[in-house]
Amino acid sequence: MSFQIPRGTQDILPGETEKWQYIEQTARDLCRRYNYKEIRTPIFEHTELFLRSVGDTTDIVQKEMYTFEDRGGRSITLRPEGTASVVRSFVENKMYGDPNQPIKLYYVGPMFRYERPQAGRFRQFVQFGVEVLGSHDPAIDAEVIALAMEIYRSLGLQKLKLVINSLGDAESRKAHREALINHFKQRIGEFCEDCQARLEKNPLRILDCKKDRDHELMMTAPSILDYLNDESRRYFEKVQMYLTNLGIEFEVDSRLVRGLDYYHHTTFEIMSNAEGFGAITTLCGGGRYNRLVQEIGGPETPGIGFALSIERLLAALEAENISLPVGKGIDCYVAALGEKAKDESVIIVNQLRKAGIVADKDYQDRKVKAQLKAADRLQAKYVAILGDDELDRKVINVKDMNTGEQTEVPLHSLVEYLKERLR
RNA sequence: GCGGCUAUGGCGAAGUGGUUAACGCACCAGAUUGUGGCUCUGGCAUGCGUGGGUUCGAUUCCCACUAGUCGCCCCA
Numbered sequence: 001m002s003f004q005i006p007r008g009t010q011d012i013l014p015g016e017t018e019k020w021q022y023i024e025q026t027a028r029d030l031c032r033r034y035n036y037k038e039i040r041t042p043i044f045e046h047t048e049l050f051l052r053s054v055g056d057t058t059d060i061v062q063k064e065m066y067t068f069e070d071r072g073g074r075s076i077t078l079r080p081e082g083t084a085s086v087v088r089s090f091v092e093n094k095m096y097g098d099p100n101q102p103i104k105l106y107y108v109g110p111m112f113r114y115e116r117p118q119a120g121r122f123r124q125f126v127q128f129g130v131e132v133l134g135s136h137d138p139a140i141d142a143e144v145i146a147l148a149m150e151i152y153r154s155l156g157l158q159k160l161k162l163v164i165n166s167l168g169d170a171e172s173r174k175a176h177r178e179a180l181i182n183h184f185k186q187r188i189g190e191f192c193e194d195c196q197a198r199l200e201k202n203p204l205r206i207l208d209c210k211k212d213r214d215h216e217l218m219m220t221a222p223s224i225l226d227y228l229n230d231e232s233r234r235y236f237e238k239v240q241m242y243l244t245n246l247g248i249e250f251e252v253d254s255r256l257v258r259g260l261d262y263y264h265h266t267t268f269e270i271m272s273n274a275e276g277f278g279a280i281t282t283l284c285g286g287g288r289y290n291r292l293v294q295e296i297g298g299p300e301t302p303g304i305g306f307a308l309s310i311e312r313l314l315a316a317l318e319a320e321n322i323s324l325p326v327g328k329g330i331d332c333y334v335a336a337l338g339e340k341a342k343d344e345s346v347i348i349v350n351q352l353r354k355a356g357i358v359a360d361k362d363y364q365d366r367k368v369k370a371q372l373k374a375a376d377r378l379q380a381k382y383v384a385i386l387g388d389d390e391l392d393r394k395v396i397n398v399k400d401m402n403t404g405e406q407t408e409v410p411l412h413s414l415v416e417y418l419k420e421r422l423r
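So the first sequence is numbered by full-length UniProt numbering: it starts at 1 and just counts up by one.
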């Protein structure tokens, strides 16, 4: 009997995990600097939460959720995204009462969507995300976008494209929606099936259609930007001004439609335009949601956030040929020959470790030659060689694996000797 | 959910309807019984994703399944 990993999931093995840790650490450090605090919420929630927040006409809800009934008969769903949980927690823990407003949060963790896996798409994937609750200052929109860009930049990514758009407030959205329906309604028969279905349910999404992209009505379709009321337009202009002042380049794309229903005003996407990145281009998506908190049962509170996938970030790094500075080798390998020396090596390795030196030894009963080979494979900077005769004389041979030079060092000063050289 | 391609040792990869499944890398051992990275010698798949079928005989042909991969939809 043998087992296989479930479809669309992956094991992250040593050699890879270091990269994950490095990325997560980079993101955490930046969040610290921007003064965002980590929040940890459950990996599953009541299904109803996602129906409410993500929107029941979305693909996520309609065909991608991992939903099951628990033993108590409750409908439970593995979270497909992070915002709903954060907002739920914000409301449930009455964070709106906290005097430190806005509440600036970040999270990292696995998300689940039942999709057919392909390049950059998994059933379990890890998102790093940020949510700011309680501010409707366009400057916070810019800050959130800047933070996202900063994460990519500080990992070395260059080939990025930031696209922003505004969906406006409820009034603007409504006016635009009507204009879209009027625009397409007469000739909707010329469009694909999906678009026909979208006309009444979510006409905004027609603009996102890949098939009918070149239809003449697409070219002439009313742009949301022309339907923004004064307040919405001013808001969007402010966001753009702040981004410009921060030196962040962007493109405005009035066709940028995000997949979740809860967005208002600012939406944005960061894409990779590296060669050979394949069909997946979106690294990060986010936007403002001013009605979501109310929807979940809290007081009227504006919010904005983004989520990025670590898997896609890694793919982008690979596409740009960037290798992360993750430490691999060890400081010292202790090679022992002979029964007594082996026993002693257990103690020596322990002493080295206590002194902060990355140390290891042989546990395979290998011969000296093979121990040296193992040390080489582990990229050990030094090998401390101990035989019974050295042990009798209370010394140890330290070999510098770069130069091949070997020095006899008194056992009691081995730690000092190595620390001196490893600095 | 739909379509194309793929599935051989730890990894990469050749191959054939028929008695021993190339090769390369990695690994292990020896040359060198206390010293790595180079060299040489030897070792390393009772098995060709899983299950059926065709056949005297299948890893090779057919079907299904599973998985991977690419694309569509959509998204992170």
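Glycine included, each C-beta is placed from N, C-alpha and C at the ideal position.
Under DSSP, F277 forms no beta bridge with any residue. For I39 and Y106, the gap between their C-alpha atoms comes out near 6 Å. In the DSSP assignment, Q294 is bridged to no other residue.
Judged by pairs of C-beta atoms under 8 Å, the stretch 321–332 touches the stretch 380–388, as three or more such pairs exist. In the DSSP annotation of this structure, the continuous segment of the alpha helix (DSSP H) that includes A341 starts and ends at E339 to K354.
Short of 8 Å from the beta carbon of P203, and not among the five residues preceding or following it, lie these beta carbons of its own chain, in chain order: R177, L180, I181 and F184. If you check the CB distance, L283 and L313 come in under 9 Å. Scanning its chain for C-beta atoms nearer than 7 Å, with the 5 sequence neighbours on each side dropped, one finds around G387 the residues L337, G338 and A341, in chain order. H264 and H46 have their C-alpha atoms roughly 25 Å apart. As DSSP reads the structure, T282 sits in a beta bridge with M271.
Counting along the chain, P410 sits inside the beta strand (DSSP E) bounded by residues Q406 to P410.
T266 sits in a strand when the DSSP states are folded into three classes. If you look at L199, you'll find it in the alpha helix (DSSP H) that goes E193 to K201.
Nearest to I396 by alpha-carbon distance, out of N402, T407 and T403, is T407. P80 counts as buried, since no fewer than 16 other beta carbons sit within 10 angstroms of its beta carbon.
Contact check for S154 and S232: beta-carbon distance about 33 Å, past the 8 Å limit, so the pair fails to qualify. Where P110 is concerned, the enclosing beta strand (DSSP E) starts and stops at I103 to F112.
Comparing C-alpha distances from V368 to each of E344, V144 and A335 shows the shortest one belongs to A335.
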